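So the number in the working numbering is just where the residue sits in the sequence shown, counting from 1, plus 1327. Beta carbons are placed, not taken as given, at the ideal position from N, Cα and C, and that holds for glycine. Computed from a predicted structure; not experimentally measured.
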Amino acid sequence: MPFRPPFLPPRSSPRPSLRPRTPLRRLRAAPAAVAAACCGLLVLPSSAGAADAPGAGAAHAPRIHDIQGRTRLSPFAGREVTGVPGVVTGVRDFGAARGFWLQDPHPDRDRATSEGIYVHTGGDSPGVETGDALRVTGKVQEYYPGGKEAGNQSVTELSGATWRTTGHRPRGRLPRAVRLTAHSVPEAYAPDAAGGPPGSGALEGGSIENRPLRPDRYALDRYESLEGMRVSVHDVRVTGPTSRYHDLWVTTDPDQHPTPRGGTLYGSYEDRNGARMKISSLLPLDTHPFPEADVGDSLRGTTEGPLDYEQYGGYTLRATALGELRDNGLERERTRRQRRNELAVATYNVENLSPASEPAKFERLAEGLVTNLSSPDIVTVEEVQGDSGPQDDGTVGAERTLTRLTEAIRKAGGPSYAWRQIDPEDKADGGRPGGNIRVAFLYNPARVSFTDRPGGDATTPVRVLERGGEPALSASPGRIAPRDAAWEDSRKPLAGEFRFRGSTVFVIAGHFSSKGGDQPMEGRIQPPARHSEQQRVAQAEAVNGFVRTLRDVDPEAVVVAGGDFNDFPFSPTLRTLRSGHALTSPLDRLPRDERYGYVYNGNSQTLDHLLTSPGAGRPEYDIVHINAEFADQVSDHDPSVVRITRR
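Quick look at the structure:
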């Protein structure tokens, strides 16, 4: 299927005062229909009116519910259909994937069959308006957003369409929108086509495409049974902030795993939170600005429009009417300052930071570190790019990037941080091509000292030595097993040796491989396979083994492993990191509904972690919410901090 760009509403597409001229390839309505349309009613010529009655029409003119069928795949796929009746309920008259939604105002009595369908006109302006009554002829196809190999569900469409107009319905007489609520959307998310236990998605499930829909049993089946139809939500809470693509996420069930700040918690593979709904707009931004919402805000009143399915997020309400934004005043958090005998270690993914980044990004990162994180003693930072930023010119050094960051921190009133890192090999560590992202340490030399030992480079593995009965690193900083296959096309972890109040503290900065290539949660394969997980588990084994080696020399060694591990607290990756009691998760001592620092598709979740060895005692842990829940964010990750008490 042809590529379709991300859905973006038009900057301006004012509604014309006169209906556009119908292209020659479309058949005009009978003159009687045009002359008779008046007084706000749909008036049709006698021949068209007879064909529009439920169950009437020629045998070759199926209704939309016949085309949609009782599964995710149309029984008419690949076939031409003629004279399909319906009313236009939404128009996308911009971008490369133009078209309109058509809905039958005379539904059948089967809850599994949708009464709506998308008519794809490609790059051509549809030339129709909401409320137009049409008879459409075209080819039925199943369109897979992102390509079939991406694992998404398909959208049943009519393509290569021609149509004739048979009348017009005013907006107030459109088919009634189906209201989505906590009671109308089932708690169970999707059928399991693998037959395994819930959450066993490490092994690929089967396709649910040909399974009869059970809209009263599963959330995904409920949405599929409404594909292309008008749906509405009322007085809903925002669980995913407005993105740069002008969309946001809401929940139709405020009691479904709520967080204290208004989000929806993704707390296990079973808790997929089917009440989440993505919302974008069909309205022009110049006349109907899209709301800039944070998590916890709400859309008051009714938001309604056709239900679509897209590559990034699945089922999406394309709003023809938007509720009014109510700002609930979400504030950015501040953590307390560490006490004199507390070592504060933080982790922060700074999202592709380089000298090419806007000056405001450096300033806001600095403010977050100084004001919101209270100037931690040590910070592991992830996604530090080379000095040429995204330019693919072979630059691997990051001195300018880190110097600008530390200078911004000092100007913001923070300490004069020093930094340590190791330049990667060119294009060997994944991320944006040419960016050469890596992890690094920032540290406050007024509070801690760094033990420098030469020998660390991009390819030489750091080893654990025994010196006077205590563990030491062969190189500091040094990379952990950089030639191991586990780190192919991924960031290599960095180990460093610090001193705090006369004691040695080992810190590991990590940024594990991404979840790219995993099947989508809302896709047609259920349960979805987590293809990327195998590499992260191997990476966790390498880090876990390194920590065990340190503890073999001294069981009371203080180790902190921090970073963006790209996986959840309940994942095999984190279980592997903690295996053998080498590391523990202070995160687990937070209330369950506070364990998150990243928001994806309306789910509040945890990807960044600070793990500590038993020798660190019982540290205090804090996730500082300053980014992920906000439309205005300097990074898509929230930073975290752990405070370790030393005598």
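Residue range E1407 to R1419 is occupied by the beta strand (DSSP E) that includes P1412. Contact between the stretch 1818-1829 and the stretch 1896-1913 is absent, with fewer than three C-beta pairs closer than 8 Å. DSSP places P1742 in the coil class of the three-state scheme, outside both helix and strand. Selection R1790, A1725, D1894 and Y1550 evaluated against P1682 yields A1725 as nearest (Cα-Cα). One thing to note: E1752 has its Cβ within 8 Å of the Cβ of A1785. Taking 3 residues as the minimum length, the beta strand (DSSP E) runs contained wholly in the stretch 1761-1820 are 1765-1770, 1791-1794 and 1797-1800, in order along the chain. Shown here, N1954 sits in coil according to DSSP, grouped into three states, outside any helix or strand. In the assembly as shown, H1908 is an exposed residue. Its beta-carbon has fewer than 16 other beta-carbons within 10 Å. According to DSSP, residue pairing for Q1468 in a beta bridge involves E1484. With fewer than 16 other beta carbons inside 10 angstroms of its own, P1882 counts as exposed. For N1763, same chain residues with a beta-carbon under 6 Å away, outside a window of 5 residues either side, are G1713, V1723 and P1751 in chain order. As DSSP reads the structure, I1391 sits in no beta bridge.
If you draw a 10 Å sphere on the C-beta of K1475, you find fewer than 16 other C-beta atoms in it, and that means exposed.
Per DSSP, the continuous alpha helix (DSSP H) segment holding V1874 begins and ends at E1860 to V1880. Within a 10 Å sphere around the beta-carbon of E1651 sit fewer than 16 other beta-carbons, which makes this residue exposed. Per the Cβ contact rule, the stretch 1875-1892 is in contact with the stretch 1829-1842 (3 or more Cβ pairs under 8 Å). Going by beta carbons, N1893 and Y1593 fall outside the 8 Å limit.
Under DSSP, N1655 takes part in no beta bridge, so it has no partner. Its Cα nearest to that of P1899, the residue V1864 stands out among Y1923, H1561, V1864 and L1877. In terms of Cβ geometry, V1463 and L1429 form a close pair [threshold 8 Å]. Bridge pairing for Q1932: Y1925 [DSSP].
Sorting R1438, E1658, Y1470 and R1506 by C-alpha distance to the C-alpha of G1628 places R1506 at the top. Cβ-Cβ distances below 7 Å link F1689 to R1731, L1732 and A1735 in the same chain, with the five nearest sequence neighbours on each side left out; the list follows chain order. For L1910, no alpha helix (DSSP H) encloses it, and the DSSP letter there is neither H nor E. L1609 carries a coil assignment under DSSP once its states are collapsed to helix, strand and coil. In the displayed model, Y1445 falls within a strand according to three-state DSSP. Under the three-state reduction of DSSP output, A1683 falls in the coil class, being neither helix nor strand. Going by DSSP, A1646 is part of the beta strand (DSSP E) stretching over G1641 to A1646. DSSP places E1710 within a strand segment (E or B) once states are collapsed to three. Of the candidates S1702, P1918, V1880 and G1426, V1880 places its Cα closest to the Cα of G1795. Checking the DSSP bridge columns, you'll see P1633 partnered with R1557. Minimum Cα-Cα distance from L1547 among the listed residues L1634, H1858, G1410 and A1943 corresponds to L1634.
Rounded to whole angstroms, R1498 and H1573 show a C-alpha spacing of 25 Å.
In this chain, the alpha helix (DSSP H) harbouring R1549 covers A1546 to E1551. Scanning its chain for C-beta atoms nearer than 6 Å, with the 5 sequence neighbours on each side dropped, one finds around R1922 the residues L1914 and T1933, in chain order. Under the DSSP assignment, F1427 falls in the beta strand (DSSP E) whose first and last residues are R1425 to Q1430.
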